[in-house]
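Residues 0 to 638 in numbering that gives the first Met the number 0 are what the sequence shown lists, from first letter to last.
Worksheet: one structure, shown below.
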Amino acid sequence: MDIRYIYLIPFIPLAVFLLLGLNYKRIKPSVSGYIGVFGLLVSTVLSYYTAYQYFFVHGKVNGIYKPIIDRHIWMNFTDTLSIDMGLYIDAISVMMLIVVSTISLMVHIYSRGYMKGDDGYTKFFAFLSLFTFSMFGLVLSTNLFQIYIFWELVGVSSFLLIGYYYTKPSAIAAAKKAFIVTRFADFGFLIGILIMGYYAGTFDFEMLNNPEGSAILNWASTSFMGLSVITWGLLLIFVGGAGKSAMMPFHIWLPDAMEGPTPVSALIHAATMVVAGVYLVARLFPMFYFVEEGFALSIVAYVGGISSLFAAVIAITQTDIKRVLAFSTMSQLGYMMMALGVSGYDGHEGVGYMASMFHLFTHAMFKALLFLGAGSVIHAVHSNYLKDMGGLRKYLPVTNITFLIAALAIAGIPPFAGFWSKDEILVAAFENNQLLYYIGVFVAGLTAFYMFRIYFGIFWGKEKQYDHPPHESAASMTVPLMILGALSVGVGFIPFSEFVTPDGKGFEAHLNYPLAAIAVAVGIMGIALAWVFYKKENNLANTYAKRFGVFYKWVYHKFYFDEIYLFITKKILFNGVAASVALFDKKVVDGTMNQIGNKTVFTSEKIKGIQSGKLQDYALAFVGGVVVLVMIFIYFRAE
0 MDIRYIYLIP FIPLAVFLLL GLNYKRIKPS VSGYIGVFGL LVSTVLSYYT
50 AYQYFFVHGK VNGIYKPIID RHIWMNFTDT LSIDMGLYID AISVMMLIVV
100 STISLMVHIY SRGYMKGDDG YTKFFAFLSL FTFSMFGLVL STNLFQIYIF
150 WELVGVSSFL LIGYYYTKPS AIAAAKKAFI VTRFADFGFL IGILIMGYYA
200 GTFDFEMLNN PEGSAILNWA STSFMGLSVI TWGLLLIFVG GAGKSAMMPF
250 HIWLPDAMEG PTPVSALIHA ATMVVAGVYL VARLFPMFYF VEEGFALSIV
300 AYVGGISSLF AAVIAITQTD IKRVLAFSTM SQLGYMMMAL GVSGYDGHEG
350 VGYMASMFHL FTHAMFKALL FLGAGSVIHA VHSNYLKDMG GLRKYLPVTN
400 ITFLIAALAI AGIPPFAGFW SKDEILVAAF ENNQLLYYIG VFVAGLTAFY
450 MFRIYFGIFW GKEKQYDHPP HESAASMTVP LMILGALSVG VGFIPFSEFV
500 TPDGKGFEAH LNYPLAAIAV AVGIMGIALA WVFYKKENNL ANTYAKRFGV
550 FYKWVYHKFY FDEIYLFITK KILFNGVAAS VALFDKKVVD GTMNQIGNKT
600 VFTSEKIKGI QSGKLQDYAL AFVGGVVVLV MIFIYFRAE
């Protein structure tokens, strides 16, 4: 398979970024929108062509999907350790190409209407293209160092997009928060990469993931604090993934990132950047599974399960619809991590791995639809808050229907896409970890409840008095909604397990009817509860909020994680440690140097008379010195 054309997929968005970024004052906004859309359209067509070529023409060898790799040496360190740059084409990288290109194209089209009239229109499309280039580079990387380079490029471009409204203090604070929090996590990622390179002797994914390779076979050769060094490396790499995917305790940046334009939320915080952490664990899945009997993988499972429950509980209390969707994203990412963590490796036991990737794929469609639908609502009423919405179904019919489809999909109601992938996750959890299974079922009910809470709050309930009658968005915004709505139904019927499995063999997934019935019943209960509480205006929600008392307050304030971080960083680190160090620096270090300088000046003032410029003074000093030296010489000679 000739894969050289695949290099065009990331480089076209890069070219668009350079063109728009260097000429943003000379290119008309309307033209820049078309350039951005056309560039992504070409990359999307090439991505779908790549998927066709890989899955149906060249990818399968002797019944197994084999990776296709094109690499070029970039840096040589030793005879055995080098860093390559190139392309790694396998089932999950091709799947991610489809996800990134499809969602990015929809967001580009949608942004032509949503950002119309904005002063930075051209710059916005340039930033979108930079982000898309970075994501393409990340998913096509052949080794840990290459993925790290694009990992940081994704971080930079997301910083630019979150802080796009740079005159808005909250947007700037959110951008800095996202950048700083993820940098702490990425520091762990970098250390993990260095550990892996030193002890495994390679950064290459093909070598690291080979069950017969030295990296997996010799994992126990060196240990530290009861674990193998390779396990520590994997855990540190997972820290980087947890930061990008907003897992606890690195989740605090994600809700604030909603300060960016809504299309940015759909692109970055629903379907692409935040799933990079899940993709990273999946990319190194054989190592996570084989090393130390999957100890690191069990950590992944529990972090994912706890994060999923934590975010779902918080989402119930939030009143900003974009923040509800942000916590929903965190919850669904936890589902994906949990599925990876409870997955086996061989044969049908790989259902967890497959289910995680399947849910990543389906979630991208309906979560992007939810964010873009929320953007359409915000565009109509000029507010993010539920208190300013109600009865909008007759004003926004397309948005209403598509938002309902997405809500049903994420609630796991058949035949929508989320049902199929969520069922596979729960099956994997049930077979491997009962505790996580029950957490997953409970989260499914919470998800249905909070999603229909905002659906009924936006489109039903009591109609508000709007300053201007709301109206449906332009075609450039509604067409992507309809396309994503169709995908939120249709992609669930893809025989995903035949294409994406950890060993490349594929297997036939079967619907577990009893478990599926339980999950659907719990989802319907959540929808019914939301119907009672929110379909018509009543005081039930306030009544029950008061009954929960302090617990409700804790949940509403997100368990005070932000306040805890502020207390640690400001009160302890800044006012305590940093202030003490600054005082020591000022009083001791600077004080010592100042005193040395002062004493030097004082001494020089006292002795400067020696250099008087008078010849007789110099002669007297010379003669006096000679006399003293002679007397000393005579004294010692006499002894």
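Idealized CB from N, CA, C, for every residue including glycine.
Check: T101 versus L371, L39, P12, F402, residue with shortest Cα-Cα distance; Outcome: L39
Check: Touch test, the region 359-372 against the region 467-483, Cβ-Cβ under 8 Å, three pairs minimum; Outcome: yes
Check: Identity of the residue in A515, V622, S306 nearest P248 by Cα; Outcome: S306
Check: Start and end residues, beta strand (DSSP E) containing S611; Outcome: Careful: S611 lies outside any beta strand (DSSP E) and carries neither H nor E.
Check: Where Y163 sits in the DSSP three-state scheme; Outcome: coil
Check: Nearest to W231 (by Cα), restricted to the options D466, I190, I313, H467; Outcome: I190
Check: Proximity test, Cβ basis, 7 Å: A620 and chain C; Outcome: The question asks about chain C, but that chain is absent: this structure has only one protein chain.
Check: Option nearest L407 by Cα separation, candidates F455, F144, K176, L395; Outcome: F455
Check: DSSP-derived helix/strand/coil call for K545; Outcome: helix
Check: Close Cβ partners of V138 (< 6 Å) along its chain, the five nearest in sequence each way excluded; Outcome: S92, M95
Check: Contact belief for S31 with F124 at Cβ below 8 Å, rounded distance in angstroms; Outcome: 5 Å
Check: Check whether M134 and T271 have beta carbons under 7 Å apart; Outcome: yes
Check: Proximity of G411 and G575 at Cβ, strictly below 7 Å; Outcome: no
Check: Own chain residues within Cβ distance below 6 Å of I215, not counting five before or after; Outcome: F289
Check: CA-to-CA distance, I161 to A174, given in whole angstroms; Outcome: 5 Å
Check: Minimum C-alpha distance to T221 - residue among Y197, F204, M206; Outcome: Y197
Check: Anticipated Cβ contact below 8 Å, T361 with S420, distance rounded; Outcome: 5 Å
Check: Nearest residue (CA-CA) to L391, options E423, E471, G590, M224; Outcome: E471
Check: Cβ-based burial, D345 [other Cβ within 10 Å; buried from 16]; Outcome: Because the pLDDT at D345 is just 49, under 50, the model does not fix this residue reliably, and the point stays unresolved.
Check: First and last residue of the uninterrupted alpha helix (DSSP H) at D203; Outcome: Neither: D203 is in no alpha helix (DSSP H) and is coded neither H nor E.
Check: Whole-Å CB distance - D255 paired with K176, under 8 Å assumed; Outcome: 5 Å
Check: C-beta atoms of K122 and Y33 nearer than 7 Å; Outcome: no
Check: For F415, the three-state DSSP class (helix, strand or coil); Outcome: coil
Check: Rounded distance between the beta-carbons of I404 and F415, thought under 8 Å; Outcome: 7 Å
Check: Simplified DSSP assignment, three categories, for I63; Outcome: strand
Check: Environment of V622 [buried if 16+ CB atoms lie within 10 Å]; Outcome: exposed
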